[in-house]
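Novice: Under this note's numbering, the first residue of the sequence shown carries the number 436, and numbering increases by one thereafter. C-beta: ideal position from N, C-alpha, C; glycine also. Here's a structure for you.
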Amino acid sequence: MKYASLMLFALVLTPQWSPAADWPQWRGVHRDSISQETGLLPMWPEGGPKLVWHAKDIGDGYSTPSVVGDSIYLLSSRGVEDESVLALSAKDGSQRWSTRLGKVGNPEQKPSYPGARSTPTVDGDWLYAFSSDGDLACLDRKTGQPRWQKNVREAFGGEYGEWAYSESPLIDGDRVLVTPGGPEATLVCLDKATGDPIWKCVSPDKDKASYSSMIIANIAGVKQYVQFIEKGLVGVDAQSGKILWKYERTAKGSMANIPTPVEAGGFIYSATGRVGGGLVEVKRAADGLVAEQVYFEAKLPTGIGGAVLVDGYLYGTSSRAMMCIDFKTGELKWEDKSVGPSSICYADGRLYLHGDTDDVALLEPSPEGYRERGRFSLPDQPDRGRSKAWAYPVIANGRLYFRDLGSLWCYDIGQK
């Protein structure tokens with residue numbers, strides 16, 4: 436694969452988690468929705484792969500699971516006073532422990548879109564979780580016992596948008612980072628062992644937190660954290676916390692800045708629903724780093740389900756269709772309405788799509804056209820009302836996981 440060199444670089448930046456078959460954080464080991472697993476089914480039989488188990492009544496939410504070894508971790512909520520971290524058995528979906536973080540954020544919005552949003556981050560023996568109300572906690576991942584906990588909204592005067600915090604905490608070496616937002620702290624960098632502050636930064640626009648999760652990038656010789664906040668995409672110096680650059684074209688205030696940015700070779704793609712998608716190149720200028728727009732187009736992948744970069748082509752959905760574009764030019768290679776808005780991940784030469792109404796599809800990525808290699812609907816779907824299936828698919832240890840509100844399905848996708 437052409438992204439092999441990028442993956443090697445990412446290994447340098449990524450903490451030493453667990454084997455490549457695990458999925459220890461939001462969008463996988465490198466936050467790009469790409470799994471390194473092989474030996475997976477290239478086509479699905481009619482009706483889909485084998486269902487291993489279906490766990491019901493795990494609590495409300497859109498929290499995508501993380502999977503390490505024989506354990507699954509996710510956030511769930513029950514009512515407005517209880518948002519918790521759950522540990523489940525990967526063998527049968529049974530609960531191992533539950534630890535309450537606090538109340539949910541912005542509870543008046545919950546009747547429409549109830550539940551927890553963030554994905555726990557596993558780092559060795561510890562797990563880091565971030566609630567929708569700003570409770571950041573470090574827990575023993577085997578027992579759920581807290582090592583430390585603090586509410587960053589209260590500690591740093593944080594401000595979020597309509598649907599509270601959705602970000603998944605980032606671990607970088609001895610640090611944990613989140614985005615409180617607001618006039619006192621846009622991003623904060625904390626000691627992961629104690630929760631003590633290392634640095635914080637403040638955007639000149641005093642941006643609120645949005646719903647995206649940050650990534651690590653090394654561009655023009657500068658290690659930086661790239662995050663999508665209320666009024667734009669920013670790069671923050673990893674050492675000092677200085678804001679290096681900002682790009683505002685793809686932002687939509689505190690409404691829908693959701694997808695995690697996609698970075699490759701100093702080029703960064705960001706997108707927001709009902710606004711559009713765009714690519715910037717971050718480069719050196721006389722007074723530091725700048726983000727120069729390469730392209731922007733309203734009709735590009737902008738969906739909540741994010742996008743995946745494979746061999747120079749970006750795959751994702753909008754409100755209309757599945758699309759493939761040339762990452763560097765923005766040229767639309769194809770779009771297909773066979774699937775609706777979906778979240779997406781990639782493994783072993785295939786794209787996995789989870790539609791927001793629980794249709795599931797397997798695609799062979801190609802700039803030549805839409806190539807479906809399997810499709811089915813998840814059984815015993817929850818009563819969703821207005822809610823959607825917004826959790827991302829997860830691939831770990833030969834299993835494929837789908838979460839929808841209070842349900843979690845596990846499928847065996849390994850070749851026999």
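Tell me whether the segment 616-625 and the segment 714-731 touch, counting them as touching only if at least three CB pairs, one residue from each stretch, are closer than 8 Å.
Specialist: no
Novice: Give me, in chain order, the residues of the same chain whose beta-carbon lies closer than 8 Å to that of arginine 808; leave out the 5 immediate sequence neighbours on both sides.
Specialist: If we look at arginine 808 and ignore the five residues flanking it on each side, its Cβ neighbours are Pro477, Met478, Trp479, Arg785, Leu797, Leu798 and Glu799.
Novice: In this structure, how does DSSP classify valine 587 when only helix, strand and coil are distinguished?
Specialist: helix
Novice: State the Cα-Cα distance for the pair proline 450 and aspartate 558, rounded to the nearest angstrom.
Specialist: Caution applies to proline 450, whose pLDDT of 44 falls short of 50 and renders its modelled position unreliable; the model cannot decide the point.
Novice: Alpha carbon to alpha carbon, what distance is there between proline 736 and valine 774?
Specialist: 13 Å
Novice: Is it buried or exposed, aspartate 499, if we count other Cβ atoms within 10 angstroms and call 16 or more buried?
Specialist: It is threonine, not aspartate, that sits at residue 499 in the sequence shown. Its Cβ being crowded by 16 or more others within 10 Å, threonine 499 is buried.
Novice: Shortest alpha-carbon distance to proline 696 belongs to which of Arg719, Arg462 and Asp457?
Specialist: Arg462
Novice: Indicate whether leucine 788 and phenylalanine 762 have their beta-carbon atoms separated by less than 9 Å.
Specialist: no
Novice: What is the rounded straight-line gap between the Cα of proline 814 and the Cα of aspartate 492?
Specialist: 15 Å
Novice: Is alanine 522 closer than 9 Å to asparagine 832 when the C-beta atoms are compared?
Specialist: no
Novice: When the Cα atoms are used, what is the spatial distance from serine 566 to glycine 700?
Specialist: 32 Å
Novice: Determine, using beta carbons only, whether aspartate 517 and arginine 535 come nearer to each other than 9 Å.
Specialist: For the pair aspartate 517 and arginine 535, the CB atoms are nearer than the 9 Å cut-off.
Novice: Short check: CB of serine 638 to CB of leucine 668, under 9 Å?
Specialist: no
Novice: Quick one: measure Cβ to Cβ for valine 661 and isoleucine 678, integer angstroms, because I've assumed they're closer than 8 Å.
Specialist: Contact flag wrong, Cβ pair sits at about 11 Å.
Novice: Which of helix, strand or coil does DSSP assign to proline 542?
Specialist: Collapsing the DSSP output to three states places proline 542 in a helix.
Novice: When DSSP builds the beta bridges, which residues end up paired with phenylalanine 837?
Specialist: Bridge partners of phenylalanine 837: Trp844.
Novice: Considering only residues of the same chain and omitting the five flanking positions on each side of lysine 485, which have a CB-CB separation below 7 Å?
Specialist: Tyr846 and Asp847
Novice: Express the C-alpha separation of tyrosine 682 and glutamine 659 in angstroms, rounding to a whole number.
Specialist: 15 Å
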